[in-house]
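S.K.:
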Amino acid sequence: MNGRVRARIAKVSALAFAVAVFASGCAKDAPQTTLKPKGPKAATINNLINPVFGIAGIVFVFILGGALFVAIKFRARDEDDYDEFPAQIHGHFKAEITWTIIPLLVLLGVAVPTVTTILDLAKKPPANAVQVEVYGQQWWWEYRYDTNGDGKYDDIVTANDLVIPADREISLHIRSRDVIHSWWAPALNGKKDAVPGRIHPLSIRADKPGEYIGQCTEFCGLSHAEMRIKVVALSSGGYESWVKAQQKDFVNPTDPMAQAGWSAFAGQCTSCHRINGLTDPSSSPDDPAAATKTFTYPASEAGKENPQSGAKNQVSGAAPNLTHLMSRTMFAGGKFNLRKKTAACTKLGEDWASTPNGIEKCLNRKDLEAWLRNAPLEKAMKPGDVMSSSSRGMPNFNLTEVQIDQLVSFLITLK
Ligand SMILES: [Cu+2]
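The numbering of the sequence shown is numbering that gives the first Met the number 0, which starts it at 0 and goes up by one.
Printed below as a string of structure tokens:
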């Protein structure tokens, strides 16, 4: 192969690589693109991106084109050219004014719409906005709702899926329990950091019902990449019924397997997880279904790291509230889907279809069992979720397979 052929091959492959990199930006199924806004806030941002990108493109073509033009037109043609100094234009008044004023005008042209966009996005949400506190944890998002307008975010406490009504403004109050996270659902608005000790406002609004995907965008530890965001926008009727369902308390399970899981849960899981209105299975050991005494959580845990102790719906501070676990679409910070569509699955009864997005799917029993078997297992489950008394994660309990089956039977009743 001679040198020229080799150089050509190198050129063609460099071009092919550049095209491939460029084309990879055009993926069809790219739910996290900011360039396809699905709500007015994101549309406002997009309306700024487009003209600014256009201006930047013109500047790019103009400058590079000019540089190329000069480089080619005035290139050295023979030996003498190397010694000759080009004509100097230092102090050329007209030229210097021109190349100062043009960039100034360009920057002004970009600054005006930028500032109006910032002011637009900073507008206070209307009084009837849905109020939700977003609470960043290592590594999952908790969502706490104030549905009765008393200023306390204790009416619904949930995790992973942020359920909202479509076509209504949602006023988010973004906080963090531990480290700095950043909340970003690109189709709905820009990102906002979640910083311990601060509350950052962000409004979102989805034009239509649907799911809007995002993720934590501030490195927050080992499982940062597994701290996903999913906004589930429902019709207003769908949202109202979701709110009603979420405010229902725990119902004693009747299936014997689930009852055994209930006892196991009360014994091992309640130091971290809350279930609203959980009754105490040990108050009536012979007939757990008859248990009526409300479960009391260990005194050591009461109010610990809990900014709203005494709240109506229990916030544990450090672990997801599981009262309506089965109404979610994913678990463990969105690392796993809670449901799976498989041909041969066991349907889980009538209520099963009442997922927030109304899609009937089967339980992802395999991952849920694996989670209980050993959540912190490196790679398999969630790295960094290592058990120690001070750890943030879900520990390994060394549960037996029988206990795992019982616990899953119990968790399934948390609709
Ligand atoms: Cu994070």
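We treat Cβ as the ideally placed atom computed from N, Cα and C, and that holds for glycine. Here the structure is a predicted model, which means the values were calculated and not measured.
Quick check: the stretch 146-166 against the stretch 189-199, are there 3 or more CB pairs under 8 Å?
M.R.: no
S.K.: Tell me whether GLY38 is buried or exposed, calling it buried when 16 or more other Cβ atoms sit within 10 Å of its Cβ.
M.R.: buried
S.K.: Is the beta carbon of MET329 within less than 6 Å of some heavy atom of ligand 1?
M.R.: In this structure, MET329 has its CB at a distance of at least 6 Å from all heavy atoms of ligand 1.
S.K.: Tell me whether ILE173 sits in a helix, a strand or coil according to DSSP, three-state version.
M.R.: strand
S.K.: Could you tell me the boundaries of the alpha helix (DSSP H) in which ASP145 lies?
M.R.: From DSSP, ASP145 is part of no alpha helix (DSSP H) but of the beta strand (DSSP E) over 139-145.
S.K.: For a test of the three-state rule: what should DSSP assign to GLU132, helix, strand or coil?
M.R.: Strand.
S.K.: Please determine if the stretch 243-255 and the stretch 222-235 are in contact, where contact requires at least 3 C-beta pairs separated by less than 8 Å.
M.R.: no
S.K.: Rounding to the nearest angstrom, what Cα-Cα distance links THR354 and ALA121 in this structure?
M.R.: Because THR354 sits at a pLDDT of 48, beneath the cut-off of 50, its placement in the model cannot be relied upon, and the point is left open.
S.K.: Determine the direct distance from the alpha carbon of ILE173 to that of ALA193, and round the result to whole angstroms.
M.R.: 6 Å
S.K.: Skipping 5 residues on each side, what residues in its chain have a beta carbon closer than 7 Å to that of GLY213?
M.R.: GLN31, TRP183, ALA184, PRO185, ILE228
S.K.: On a CA-only basis, which of SER222, PRO208, GLN258 is nearest SER235? Give me that one, please.
M.R.: PRO208
S.K.: Considering only C-alpha positions, which residue in the set GLY332, ARG364, THR322, GLY90 is nearest to ARG338?
M.R.: ARG364
S.K.: Comparing C-alpha positions only, which one of GLN136, GLY276, PRO255, ASN275 sits nearest to CYS215?
M.R.: GLN136
S.K.: What are the boundary residues of the alpha helix (DSSP H) that includes SER235?
M.R.: 235-245
S.K.: Where does PRO125 land, buried or exposed, given buried means 16+ other C-beta within 10 angstroms?
M.R.: exposed
S.K.: Check whether the Cβ atoms of ALA205 and ALA265 sit closer than 7 Å, and answer yes or no.
M.R.: Taking 7 Å as the Cβ cut-off, ALA205 and ALA265 do not qualify as a contacting pair.
S.K.: Does the beta-carbon of GLU141 have 16 or more other beta-carbons within 10 angstroms, so that it is buried, or is it exposed?
M.R.: buried
S.K.: Along the chain, where does the alpha helix (DSSP H) that runs through GLU210 open and close?
M.R.: From DSSP, GLU210 is part of no alpha helix (DSSP H) but of the beta strand (DSSP E) over 209-214.
S.K.: Applying the criterion that 16 or more other CB atoms from any shown protein chain within 10 Å of the CB defines a buried residue, is THR291 buried or exposed?
M.R.: THR291 counts as exposed, since fewer than 16 other beta carbons sit within 10 angstroms of its beta carbon.
S.K.: I need the DSSP call for PRO125, collapsed to helix, strand or coil.
M.R.: coil
S.K.: Residues in the same chain with beta-carbon distance under 6 Å from LYS123, minus the five sequence neighbours each way, listed in chain order, please.
M.R.: none
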